[in-house]
Amino acid sequence: MAHQGCPNLPAFDEKFSPETAKFSLRKVLVKSKRRRHPWRALTSTTRPGETALPQSAETERLDGAALVLGYLQARGQGQGSPADPASVVDALLRRVQELEARLAELSTAEQQAQELARSVESLKAYNQQLQETIRTLEIGFRRHVSEQVSPDQLRLSLAGEPGACPAPASSQAESVDAAPEADPGEASSPPPGPASPPEHAGTAESSSGSDPGGGKPVQRHEHGRRRIGIIPRVIIESLPPEVLLKGIERFERVGAEDSSVIGYRRGGLIELVTRRPKYVAKAEALEASSGAGAEPAPSPAAGPVLDHELDEPLVVREHELLGSPADTGFKQSPFVDGVLVRYTPESDAAEDSGGPVKIASLPERPIDRCLADPSLLAHLFVHKLDYHMPYYRQEVESGRHGFRIGRGNMARWQYDCGGIAMRIADAMWSDALSRSWFAMDATGTAIRAKEKHRYGHVFVLVAPGDGVLFRYTPTYDGPTVAKLFGGYQGTLVADASANHNVLFGPGKAREAGCWSHARRRFFKAFKAGAGKEAAFALQTLQALFRVEEECALCSPDERLELRQRESAPLIERLFAWVEAQRQVVPEHSPLREGLVYLHNQREALCEFLSNGEIPIHNNASERALRRVVKGRRNWLFHGSDEHAVRACAITSLIATCQMHGLDPELYLQEILTVAPSYPLRRILDLSPKNWVATRQRLIAEGRLKYLDLARITGSRLAFRDA
């Protein structure tokens with residue numbers, strides 16, 4: 003039987019020998035001259051998909067025959083028995099396929115090896131770039147790290163370099179870096195404070211939030227006012243104006259009404275009870291007392307009624323003790339701790355009430371039916387917005403003082419009083435925009451929204467000698483900046499944010515740059531390894547800041563003359579060095595960032611050379627933003643956009659008090675008493691800058707009076723059992 007694929011091979015049952023195979027193969031070779039034969043595929047060494055080299059048909063046939071003959075001889079010699087030609091051909095075909103598969107695998111592996119080699123080289127270059135980036139970022143992520151560089155260290159870095167910038171002759175011996183620090187913690191972490199929508203401010207128990215020391219508090223269902231805890235109690239008697247005018251001896255006391263609020267004097271909480279006695283004319287006293295049990299009237303005494311028993315509350319008569327506070331000796335901060343403030347609006351007068359029973363009206367409060375006195379409100383706001391103490395901590399503290407005040411009530415009180423502060427802060431903002439120059443900056447703050455937390459922005463405006471003002475906006479872009487500062491045509495000291503570009507141009511504000519921002523980039527490059535290159539810039543800027551230190555107390559004209567004489571040559575040399583370095587420093591290097599910043603901001607950075615009033619840096623606004631940055635690390639977020647707006651208004655008053663040397667807590671206590679009924683057209687009189695003069699005028703007019711509890715009571719504040 004002949005093989006199906008090779009009909010010239012011997013049949014399977016014939017006697018097989020190498021000679022028979024050779025004879026059959028020769029026949030195959032002869033008959034395959036005119037047509038293509040499978041042996042051609044067997045002898046091909048071309049890879050799949052490649053074009054084979056041109057060969058003669060005879061060569062291909064001889065190669066195939068030799069391959070098969072050699073294989074048959076090897077099997078015949080090795081096994082000593084004849085082999086099946088069909089199995090031999092099948093085995094050869096399988097072997098060829100295996101070899102071709104192995105060859106394809108080797109080719110793929112070779113390509114992968116080449117690709118890996120190229121990847122290794124690329125990763126080595128990328129690794130070096132990452133190491134430089136890491137060094138730069140490590141410097142940027144450090145908090146509260148001094149940016150000072152010793153002049154000796156800079157001189158060592160520049161040793162042997164021609165053209166190194168020498169320090170001014172008057173300051174060469176100094177070894178302290180004169181560049182002021184400014185690290186407000188620009189744009190980092192998430193932020194500010196708890197706040198809830200204003201609801202009822204009549205109780206001091208929080209209806210929201212959870213106790214920081216345990217689980218969710220049990221919901222109370224009590225009605226009416228809470229019982230006052232174990233805190234000192236002071237009773238202040240307030241007599242009707244008509245009784246005081248006509249004489250108390252002409253009236254009979256028939257009762258009294260008590261109204262309690264929680265006040266604060268440094269050292270703890272106190273309960274302030276406003277007792278308003280009821281009086282009728284003596285002819286009507288018998289008729290009034292027959293209808294209701296009347297309290298016996300105390301005999302009029304020449305001095306205040308003071309109870310010396312420690313287990314009874316202290317009782318004082320307001321009309322006998324109201325007056326001007328004692329002179330503290332400090333013209334800038336004339337406040338006295340431990341006083342109650344009473345303000346009489348311009349329209350108020352002692353008129354006859356028309357009824358037979360005469361009773362004094364309650365003192366006006368900043369929040370209607372609120373349990374908190376202005377002294378307590380001022381204490382809470384200053385501790386949160388100035389000392390960065392969240393309301394949940396103050397809640398714990400008030401409980402330890404004897405009367406727990408819920409954080410939800412504190413947040414609502416801040417919201418309500420923020421509306422009063424907004425009137426003053428808005429007037430101050432409009433006044434600041436009329437100045438010849440001011441500084442501004444911005445940072446982020448978190449807002450606790452119902453759907454998700456989001457971020458807003460707090461702008462700060464530092465008006466020289468006027469105030470430090472904060473303003474919240476949900477966005478930070480060109481239209482927002484134009485809305486806040488649009489129309490201003492003075493000089494604006496700011497950083498090089500693209501969002502500020504809308505403010506500058508012909509007929510608009512002039513831009514003044516910040517040399518501290520420029521210096522910071524070279525400081526980071528110096529720490530990242532570009533010592534010799536960055537040292538020249540740092541040394542030049544040290545000399546520039548020393549000139550500013552020398553002229554800090556000079557007049558603007560003298561300061562401008564000194565700048566043009568000493569600072570201008572330093573700046574010209576620095577910018578010439580910048581242009582030379584930009585041609586050789588590679589892209590994406592830390593030093594390149596500082597060079598590009600100086601090149602792009604040259605006009606703004608040189609603005610201080612034309613005006614002696616303008617500072618060379620924006621450190622004032624960056625220092626002001628520390629108040630927001632430190633606060634948001636403690637109270638974390640604001641309750642809503644409106645809460646953030648009102649919190650910024652109160653913060654503006656507190657920060658401006660610090661600028662003018664006023665005690666913010668005592669200032670807010672007086673402002674929250676006066677502002678609710680003060681004329682809006684003169685609301686700027688209540689700003690910290692003008693308050694000392696306004697206060698003296700109101701005292702002289704007799705419309706602002708004080709009850710000095712600190713001098714009257716001394717240590718007689720008695721504690722009561724619960």
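Residue 3 is where the sequence shown starts when you use the working numbering, and the numbers rise one by one after that. Glycine residues also receive a C-beta, built at the ideal position from the N, C-alpha and C atoms. Because the structure is a prediction, the values reported are computed rather than measured.
Checklist entry - With C-beta atoms as the reference, is E244 less than 8 Å away from K360? => result In contact: E244 and K360 (Cβ atoms closer than 8 Å).
Checklist entry - Alpha carbon to alpha carbon, what distance is there between R96 and V90? => result 10 Å
Checklist entry - What residues in its chain sit with their C-beta under 7 Å from that of V263, if we drop five residues either side in the sequence? => result L274, L373, A374, D375
Next on the checklist: Spatial neighbours of L682 within its chain, please: C-beta separation below 8 Å, excluding the five flanking residues on both sides.
Outcome noted: Scanning its chain for C-beta atoms nearer than 8 Å, with the 5 sequence neighbours on each side dropped, one finds around L682 the residues R425, in chain order.
Item to check | Delimiting residues of the beta strand (DSSP E) encompassing K707 | outcome: 706-710
Checklist entry - Over what stretch of residues does the beta strand (DSSP E) that includes G257 continue unbroken? => result 253-267
Item to check | Alpha-carbon spacing of A727 relative to L494, whole angstroms | outcome: As displayed, the chain neither begins before 3 nor continues past 724, which places residue 727 out of reach and without an answer.
Checklist entry - Taking the alpha helix (DSSP H) that H385 falls in, what are its first and last residues? => result 376-387
Item to check | Per-residue DSSP class, three states only, for E100 | outcome: Under the three-state reduction of DSSP output, E100 falls in the helix class.
Item to check | Beta carbon of G469 nearer than 8 Å to that of H459 | outcome: no
Next on the checklist: DSSP three-state label for A530, please.
Outcome noted: coil
Item to check | 8 Å Cβ cutoff met for F461 and L486 | outcome: yes
Checklist entry - With DSSP run on the structure shown, which of helix, strand or coil describes F337? => result coil
Next on the checklist: My assumption, with CB atoms under 8 Å, is that C516 sits in contact with H619. Please give the rounded CB distance.
Outcome noted: 5 Å
Next on the checklist: Taking a contact to mean a Cβ-Cβ separation below 8 Å, would you say L471 touches A514 in this structure?
Outcome noted: no
Next on the checklist: By alpha-carbon positions, which one of H403, K386, A434, S432 ends up nearest to M412?
Outcome noted: Taking only the C-alpha atoms, the option nearest M412 is K386.
Item to check | Span of the beta strand (DSSP E) around F577 | outcome: No beta strand (DSSP E) holds F577; the alpha helix (DSSP H) holding it covers 570-584.
Item to check | Assigned exposure category for K729 - 16 Cβ within 10 Å defines buried | outcome: Residue 729 lies beyond the range of the chain shown here (3 to 724); nothing can be said about it.
Checklist entry - When burial is assigned at 16 or more other CB atoms within 10 Å of the CB, is R409 buried or exposed? => result buried
Checklist entry - How about the region 638-655 and the region 619-628: do they share at least three Cβ pairs that are nearer than 8 Å? => result no
Item to check | Top-ranked residue by Cα proximity to R456, from L686, G641, A103, S623 | outcome: For R456, the nearest C-alpha among the options comes from G641.
Checklist entry - Nearest CA to the CA of L611: which residue from E574, A646, R584, I701? => result E574
Item to check | Cβ-Cβ separation, M442 to A496 (assumed contact under 8 Å), whole Å | outcome: 5 Å
Checklist entry - Nearest CA to the CA of F440: which residue from Y417, E535, S679, P466? => result P466
Checklist entry - Since L271 is in the beta strand (DSSP E), which residue starts that stretch and which ends it? => result 270-283
Next on the checklist: What ranges does the beta strand (DSSP E) occupy inside the region 424-458, keeping only unbroken runs of at least 3 residues that lie completely in it?
Outcome noted: DSSP runs (the beta strand (DSSP E)) wholly in the region 424-458: 439-450.
Checklist entry - Bridge partners of F461, per DSSP? => result A444, R473
Next on the checklist: Using C-beta distances below 8 Å, list every residue in its chain close to S191, excluding the 5 sequence neighbours before and after it, in chain order.
Outcome noted: Model confidence at S191 stands at a pLDDT of 41, short of 50, so the residue's coordinates are unreliable; what they give is reported in the following sentence. Excluding residues within five positions, the ones whose Cβ falls inside 8 Å are R634, R635.
Next on the checklist: For a quick check, are the C-beta atoms of V504 and A536 less than 8 Å apart?
Outcome noted: Between V504 and A536, the gap from beta carbon to beta carbon reaches 8 Å or more.
Next on the checklist: Among the candidates L576, H645, I616, D665, whose CA atom is the shortest distance from the CA of Q544?
Outcome noted: Among L576, H645, I616, D665, the Cα nearest to that of Q544 belongs to L576.
Next on the checklist: In whole angstroms, give me the CA-to-CA distance for P242 and R278.
Outcome noted: 8 Å
Item to check | Distance, G663 Cα to L246 Cα | outcome: 39 Å
Item to check | Local Cβ density within 10 Å of S159, reported as buried at 16 or more and exposed below that | outcome: buried
Next on the checklist: Considering only the alpha carbon of each residue, which of E348, E581, E672 lies closest to E703?
Outcome noted: E348
Next on the checklist: Here's a check: name, in chain order, each residue in its chain whose Cβ is nearer than 6 Å to the Cβ of G480, leaving out the five neighbours to either side.
Outcome noted: Only N501, V504 meet the Cβ criterion.
Next on the checklist: Could you tell me the alpha carbon to alpha carbon distance between I449 and V317, rounded to whole angstroms?
Outcome noted: Roughly 46 Å between the two C-alpha positions.
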